[in-house]
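In this note's numbering, the protein residues as written are 3 to 441.
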Ligand SMILES: Cc1cc2nc3c(=O)[nH]c(=O)nc-3n(C[C@H](O)[C@H](O)[C@H](O)COP(=O)(O)O)c2cc1C
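Shown next, in the form of structure tokens:
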């Protein structure tokens, strides 16, 4: 038997018309209504997944790229994931749900109150994926701040959430009807805060529950992002190449960032985000990889459109036969997304744009660690190897939150991982944090 690991799902395009114009759109779910996601959440729970993270962005992006982002629904519309969460809690019993929340957009008192409420409503299954995107500041009449300043603000924000959640100490709630005493208001912590980004007075008027604080998830991978994780996070979402050494290195970096206070609250779980393409036989995997070796113009155009949306920059207007001029990207464009387009190859800034896009379209095999196409057995081998040889805590699989997508990915994988002892057989009691700390 192998080391058990934790599994979650990253609902990667957020609460929007995911799968639009793909064949499975014809299943006739209505993306604005909850049933599609409820069905999917039930499947994830049945699979033994502990955690669903819902991507979000608050904005359609800059006015000049609105058409680019909405033409094929790559970058929007998006509805508010927080509003979807209670519908998902209502049809599940064990699944933890952590919508994305932007620390620059929701005032900390309001965020603390919403999170405390949902933590109680869900019996300890709520969490927040804390992000620091600053491009949406104009929608709130706020100043756009830089990368590290956004993390400083998120740091202050998350400290405040914690302080507000703890404005009710254990001995404040008396709930003794015989003495007519509900709470000792004189023992409430006032939480008076004057900081660089926020000024507020507590205490919070929502009470803590026996489930403890909501779970904090963080996705940023820069040194500042990892410092944030080491201070606040229960779960760090990790991205790394597909080899044991890279997983070990990433884990070591995160663990080195963990501070005293965080350590006292329990170990951080580092979960690698991955989007495998699982097929039914090695021959099919080989066929897919071979078929992707020489992308057609149509495939390259589609890749360019998708990246244009993420980068808020029209790559289809660039000369495909020249190297990409990085000066075309405005300052607000995510450095991580630009790095993602360039990839790891040292010649990325010299090859023509056409080749850069072709590299995104070409696929590789899980078997030889050149890519993400393989059978469920081959992917399970990778999962097992990372657990046994790199102490990996687990994986977050990524994709649409759609029953078709889930079944494609999980139908064969779940029984294999269960047989190997890597995936939990079921849930005991407890909330999300209990599940994450169970092994
Ligand atoms: C796996 C993963 C998921 C992310 N999810 C979101 C998201 O839902 N919304 C968002 O605004 N940013 C998201 N981000 C972006 C991060 O919050 C962060 O802004 C970005 O990674 C840049 O920070 P860094 O320089 O510390 O990596 C995500 C990043 C990663 C790696």
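Just so you know, even glycine gets a beta-carbon here, dropped at the ideal spot from N, CA and C.
For ligand 1, I want to know if residue i counts as a neighbour, meaning its beta carbon is within less than 6 Å of at least one of the ligand's heavy atoms.
i, result
"residue 219", "no"
"residue 227", "yes"
"residue 339", "no"
"residue 57", "yes"
"residue 256", "no"
"residue 239", "yes"
"residue 135", "yes"
"residue 224", "yes"
"residue 102", "yes"
"residue 275", "yes"
In three-state DSSP terms, what is residue i?
i, result
"residue 39", "helix"
"residue 433", "coil"
"residue 206", "coil"
"residue 248", "helix"
"residue 407", "helix"
"residue 122", "helix"
"residue 342", "helix"
"residue 76", "coil"
"residue 175", "strand"
"residue 45", "helix"
"residue 441", "coil"
"residue 108", "coil"
"residue 144", "coil"
"residue 201", "strand"
"residue 388", "helix"
"residue 20", "coil"
"residue 417", "helix"
"residue 81", "coil"
"residue 190", "coil"
"residue 274", "strand"
"residue 129", "strand"
"residue 324", "coil"
"residue 297", "coil"
"residue 6", "coil"
"residue 354", "strand"
"residue 290", "helix"
"residue 309", "helix"
"residue 361", "helix"
"residue 233", "helix"
"residue 1", "This structure cannot speak to residue 1, because the chain is shown only from 3 to 441."
"residue 2", "No statement about residue 2 is possible, as the shown extent of the chain runs from 3 to 441 and does not include it."
"residue 315", "coil"
"residue 262", "helix"
"residue 393", "coil"
"residue 164", "helix"
Give me the Cβ distance between residue i and residue j, rounded to the nearest whole Å; I'm assuming they're in contact under 8 Å.
i, j, result
"residue 422", "residue 386", "6 Å"
"residue 260", "residue 270", "6 Å"
"residue 84", "residue 116", "7 Å"
"residue 97", "residue 127", "7 Å"
"residue 408", "residue 14", "Contact doesn't hold; Cβ gap of about 13 Å is too wide."
"residue 133", "residue 79", "At roughly 19 Å, the Cβ-Cβ gap does not stay under 8 Å, so residue 133 and residue 79 are not in contact."
"residue 218", "residue 400", "Their Cβ separation, rounded to whole angstroms, is 20 Å, which puts residue 218 and residue 400 out of contact at 8 Å."
"residue 251", "residue 374", "So it is not a contact: roughly 20 Å between Cβ atoms."
"residue 73", "residue 63", "Contact flag wrong, Cβ pair sits at about 12 Å."
"residue 418", "residue 360", "Residue 418 to residue 360, Cβ: 33 Å. No contact."
"residue 325", "residue 353", "6 Å"
May I ask you to list the residues that DSSP assigns as paired with residue i?
i, result
"residue 11", "54 and 399"
"residue 220", "238"
"residue 101", "56"
"residue 279", "375"
"residue 196", "201"
"residue 183", "178"
"residue 426", "BP columns for residue 426 are empty, so no partner."
"residue 367", "375"
Relative to ligand 2, is the shortest distance from any of its heavy atoms to the C-beta of residue i smaller than 6 Å?
i, result
"residue 9", "Among the ligands present in this structure, namely ligand 1, ligand 2 is not found."
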